[in-house]
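The listed protein sequences derive, respectively, from chains H and Y.
Position one of the first sequence corresponds to residue 3 (the working numbering), numbered consecutively onward.
Position one of the second sequence corresponds to residue 66 (the working numbering), numbered consecutively onward.
Note that CB positions come from ideal geometry on N, CA and C, so glycine has one too.
For clarity, every value in this text was computed on a predicted model and none was experimentally measured.
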Amino acid sequence: MYSPVEAFDISTVVANLPWYFSTFGGYSARTVEQEDLVAINVILMGTPIIWGIKSVGIVILEVLLITYALFFIAQPHSVTLTSGVTRGFEFIFSFIYAQVKTQLGLTNVHFFRLFFLLFLQVLIANYLGLLPFGVSPTSQAVVTAFISLNI
Amino acid sequence: MLGFAVNGIKFFTIFVPNVPTYMIPIMVFIEVLSYVIRCFSLAIRLCANLTAGHILLGTLASFILSFAKYHFLLALIPGVLTVLVFFLELGVSGLQAFVLVTLALIYFKDAYMVGHH
């Protein structure tokens, strides 16, 4: 007896379709039973190409890299002209700063860095899961438990 | 740990609310339990929300392929739904990150600023 998710498993359907359909299979709900954390099975011109992530640590590294790359990109190159990324960062910055100031007060506002980085990393980790063939570290209970227990 | 390091033994006063003396033992038990459980609730909230979104998107993406076997235009129905749910999940991702940080701030305040609330 299959659950609704298993009954419409992508990998079984993809095998019966031409190769160009397989690129639509961005999201696979069956990741638990597989050996890899997330495995992508793309059938390209009749040849199966399998790419998998075995460790959530690699994905966390991706999150860190993207966070610090965004920090680098968001550096204003001019005093008057700011890029969209910079404006986005400024919005998030002021948003989290206001939260920290409200909760902890001006005397403890130096903790802002901790919560700003926490917000950015959780946000980017969440968005990684929405990319086609992407996996989100924050959808793993072990990662979120690690974050919350540390706080 | 930071709260204990900064406030010392005074940190444990967060487990003793201002209640009549005969209620203190049961209230301390409840406060300690809630202090421990909220770590896990914070973790499970984020994890469950994201997993639910991924399963929903996975199911809808599977429907696209299943319906495409019968007729290509039929696959447009789950296709449009997938796009809509995708944008919903974009919002949920941002909201969950914000919720996590706000709750973490409140818990941090409780532990760090003992006696200020």
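Range covered by the alpha helix (DSSP H) that runs through residue i
i: Y/LYS174; result: 141-177
i: Y/MET88; result: Taken as a continuous stretch (DSSP letters only), Y/MET88 belongs to no alpha helix (DSSP H), as it is neither H nor E.
i: H/VAL144; result: 143-152
Close beta carbons around residue i, own chain, < 7 Å, minus the five adjacent residues each side
i: Y/THR147; result: LEU122, LEU125, ALA126 and ILE129
i: Y/ALA140; result: ILE129, PHE132 and ALA133
i: H/GLN36; result: Unreliable positioning characterises H/GLN36 in this predicted model, as indicated by a pLDDT of 44, which lies under 50. A coordinate reading is not provided.
i: H/THR140; result: VAL124, ALA127, ASN128 and THR146
i: H/LYS103; result: VAL111
i: Y/VAL157; result: ASN114 and GLY118
i: H/LEU2; result: In the structure as shown, chain H begins at 3 and stops at 153. Residue 2 of chain H is therefore absent and cannot be evaluated.
i: Y/GLU154; result: GLY118 and LEU122
Residues of its chain near residue i, where Cβ-Cβ distance is below 6 Å and the 5 sequence neighbours each way are ignored
i: H/MET3; result: A caution first: H/MET3 carries a pLDDT of 43, below 50, which makes its placement in the model too unreliable to give a value.
i: H/GLY99; result: Note that residue 99 of chain H corresponds to Tyr in the displayed sequence, not to Gly. Taken in chain order, the residues that qualify are PHE114.
i: Y/GLY195; result: The structure shown does not extend to residue 195 of chain Y, since chain Y is modelled only from 66 to 182, so the question has no answer here.
i: Y/MET92; result: PRO82 and VAL84
i: H/LEU120; result: none
i: Y/LEU111; result: GLN161 and LEU165
i: H/ILE149; result: none
i: Y/ALA97; result: Checking the sequence, you will find Val at residue 97 of chain Y rather than Ala. Once the five neighbours on either side are set aside, the close Cβ partners of Y/VAL97 are PHE80.
Cβ neighbours of residue i in the same chain (closer than 8 Å, five flanking residues each side left out)
i: Y/ALA169; result: LEU107
i: H/ASN152; result: none
i: H/VAL65; result: GLN123, ILE126, ALA127, LEU130 and PRO139
i: Y/VAL150; result: GLY118, LEU121, LEU122 and LEU125
Taking one C-beta from the segment 116-125 of chain H and one from the segment 154-167 of chain Y each time, how about it: are there three or more such pairs within less than 8 Å? Pairwise C-beta distances place the segment 116-125 of chain H in contact with the segment 154-167 of chain Y, as three or more of them are shorter than 8 Å.
Mind pulling the alpha helix (DSSP H) runs of 4 or more residues that sit fully within the segment 82-113 of chain H? As far as the segment 82-113 of chain H is concerned, its whole alpha helix (DSSP H) runs of at least 4 residues are 86-106.
Is the segment 102-114 of chain H close to the segment 79-98 of chain Y, with three or more CB pairs under 8 Å? No, they do not touch.
Touching by the beta-carbon criterion (3+ pairs, under 8 Å), the segment 74-82 of chain Y and the segment 133-147 of chain Y: Put simply, the segment 74-82 of chain Y does not touch the segment 133-147 of chain Y. Fewer than three CB pairs are less than 8 Å apart.
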